[in-house]
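First comes the structure, then the notes that go with it.
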């Protein structure tokens, strides 16, 4: 199964950061195990220096309340770190998310928070030296309903509806039961 902390899941987003002209090298530093307040840190090397960002990965769409919560949490931590805490220099944070709409992106920029999303929006501010911002990239359009609901998908949903306990089956067992590929079952179950 996909672990929440699976670094491979963030790879496309990290590739996007790697593509920024002044990023020479990226290094992921795992969270300290056992320290609940510790999160993964991403270290970005530029031609002039190294910058460390606390990494916040959001798997789902960020609505306004989530964004405000994230920003509030970060600004709160910044205040706390002003008192000589050395967790991440001046609270530099990098948020990875599936998609950030323009108003959200602007809120993050105003709060001094760097981010990258899966459609190409990115804001990377490294101190006063470097700044790279692309916002306003749109999500690719969703296919019409008819394409999304294949007969096999309907069959799988019917399977869940008639036998609720099958939701907790393994992907392999489900795939065998309805005659779908494992990847398709995994994708449908996520939906």
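In this note's numbering, the protein residues as written are 3 to 193.
For every residue, glycine included, the Cβ atom is placed at its ideal position computed from N, Cα and C.
Are the region 119-132 and the region 10-21 in contact at 8 Å, needing three or more beta carbon pairs? The region 119-132, when compared against the region 10-21, does touch it at the 8 Å Cβ threshold.
Tell whether a beta-carbon distance below 8 Å holds between residue 118 and residue 30. Not in contact: residue 118 and residue 30 (Cβ atoms no closer than 8 Å).
Just checking, does the region 94-110 make contact with the region 48-67 on the three C-beta pairs under 8 Å criterion? Verdict: yes, contact present.
Residue from 140, 163, 38 and 113 whose Cα sits closest to the Cα of residue 70: The shortest CA-to-CA distance from residue 70 to any of 140, 163, 38 and 113 is the one to 113.
Same chain, Cβ closer than 6 Å to residue 61, five either side skipped, listed in chain order: Excluding sequence neighbours, residue 61 sits near nothing in its chain.
The alpha helix (DSSP H) spanning residue 115 covers which residue range? In the DSSP annotation of this structure, residue 115 is not part of any alpha helix (DSSP H), being labelled neither H nor E.
Pick from 120, 115 and 25 that is closest to residue 74, judged by C-alpha positions: Ranking 120, 115 and 25 by Cα distance to residue 74 puts 115 first.
Figure out for me which residue from 178, 190 and 96 has the closest Cα to the Cα of residue 12. Each of 178, 190 and 96 was checked against the Cα of residue 12, and the nearest Cα belongs to 96.
State yes or no: is the C-beta of residue 185 nearer than 7 Å to some heavy atom of the ligand FAD? Questions concerning the ligand FAD fall outside what the structure shown contains, since it holds no ligand whatsoever.
Simplified DSSP state of residue 90, which is helix, strand or coil: Its pLDDT being 46, under 50, residue 90 is placed unreliably in this model, and the coordinates cannot settle the point.
Please return the same chain residues whose Cβ sits closer than 7 Å to the Cβ of residue 182, not counting the five positions on each side in sequence. These residues qualify, in order along the chain: 154 and 158.
Taking 7 Å as the limit between beta carbons, can you name the residues of its chain near residue 169, skipping five residues before and five after? Closer than 7 Å at Cβ, skipping near neighbours: 162.
Run through DSSP, which three-state label would residue 180 get? It is helical.
In angstroms with no decimal places, state the Cα-to-Cα distance between residue 138 and residue 98. Each residue's alpha carbon lies about 16 Å from the other.
How is residue 24 classed by DSSP in three states: helix, strand or coil? The answer is coil: DSSP assigns residue 24 none of H, G, I, E or B.
Reducing DSSP to helix, strand and coil, say where residue 168 ends up. The three-state reading of DSSP puts residue 168 in helix, counting H, G and I together.
Put residue 152 into one of helix, strand or coil per three-state DSSP. In the structure shown, residue 152 sits in coil (DSSP, three-state: anything other than H, G, I, E or B).
Please state the DSSP three-state secondary structure of residue 79. Residue 79 falls in the helix class under three-state DSSP.
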